[in-house]
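The structure appears right after this line, and notes come after that.
Numbering (the numbering used here), first residue to last: 12 to 258.
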């Protein structure tokens with residue numbers, strides 16, 4: 012994992028992931044994790060996404076006026092999510108990359124299905140008090156096993172009638188908390204090699220460049236069309252992770 016093509020793949024992946032996040036406001040961890048898992052396997056991919064994911068999502072979390080209210084509203088989801096991450100740490104440490112990649116592929120396919128179905132009629136606001144900790148613990152378990160933060164938290168947040176700005180900021184808050192908890196869990200388990208930490212930090216540069224370009228593209232490109240391309244690409248990537256070889 013020190014050959015020149017490795018650095019090219021990592022840089023190109025985070026540029027593409029940042030570009031996606033710049034256009035539609037999400038996708039950096041999911042895109043980078045899916046692509047890097049397809050090339051290198053899940054256990055090598057997860058440490059690489061931590062720094063770009065944490066920094067970009069912290070920026071997203073603090074980019075609006077709703078931070079305090081959203082934390083107050085979703086504290087049970089956040090707490091349960093962190094609990095779920097640590098609850099599966101033993102399983103993660105003792106599972107093969109191939110087994111965990113299968114779970115990741117399935118979760119990406121589920122996420123893509125939600126994105127492509129454009130389900131907007133479901134509203135769970137009335138039972139939010141009960142659903143939030145359940146969604147948190149399940150999403151935390153998926154995060155602890157796969158490094159992916161989206162299922163079922165993102166579809167759940169979409170069902171709560173949030174404004175676009177609230178939704179994007181809520182995702183930034185959850186993704187930041189999840190990334191931090193995942194990093195702590197991996198560190199405790201001794202699964203954060205220093206060389207991967209350095210590469211992850213360096214990957215922040217192409218991610219930020221991609222985000223900046225994506226924000227420019229967003230003004231000129233149909234967001235609906237790009238979102239469909241994004242979810243179709245994720246769908247095929249999820250299938251490839253399941254059926255294709257990983258190194």
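All residues carry an ideal CB built from backbone N, CA and C; glycine is no exception.
Point to revise | Three-state secondary structure assigned by DSSP to residue 157 | key: Residue 157: helix per DSSP, three-state reduction.
**Study point:** Sequence-distant residues of its chain with Cβ nearer than 7 Å to residue 75 (five each side left out)
**Key:** 176 and 180
Check your understanding: Excluding the five sequence neighbours on either side, which residues of its own chain have a C-beta within less than 6 Å of the C-beta of residue 12, listed in chain order?
Key -> Unreliable placement is indicated for residue 12, whose pLDDT of 48 sits below 50; the coordinate value is still reported in the next sentence. Result list for residue 12: empty, nothing under 6 Å.
Review point. When we look at the beta-carbon of residue 150 and count the other beta-carbons within 10 Å, is it buried (16 or more) or exposed?
Key: buried
Check your understanding: Which class does residue 204 belong to by DSSP, given the choice of helix, strand or coil?
Key -> coil
Point to revise | Cβ distance (whole Å) where residue 103 is taken to contact residue 156 below 8 Å | key: 6 Å
**Study point:** Environment of residue 214 [buried if 16+ CB atoms lie within 10 Å]
**Key:** buried
Check your understanding: Should residue 225 be labelled buried (16 or more other beta-carbon atoms within 10 Å of its own) or exposed?
Key -> buried
Exercise for review: Mind reading off the beta-carbon distance from residue 40 to residue 160? Whole number of angstroms is fine, and I expect it under 8 Å.
Suggested key: So it is a contact: roughly 6 Å between Cβ atoms.
Exercise for review: Under the assumption that residue 92 contacts residue 188 (Cβ atoms under 8 Å), give the Cβ distance between them as a whole number of angstroms.
Suggested key: 7 Å
**Study point:** For residue 175, three-class secondary structure by DSSP
**Key:** helix
**Study point:** Per-residue DSSP class, three states only, for residue 116
**Key:** helix
**Study point:** Reference residue 201; option with closest CA among 32, 123, 100 and 96
**Key:** 100
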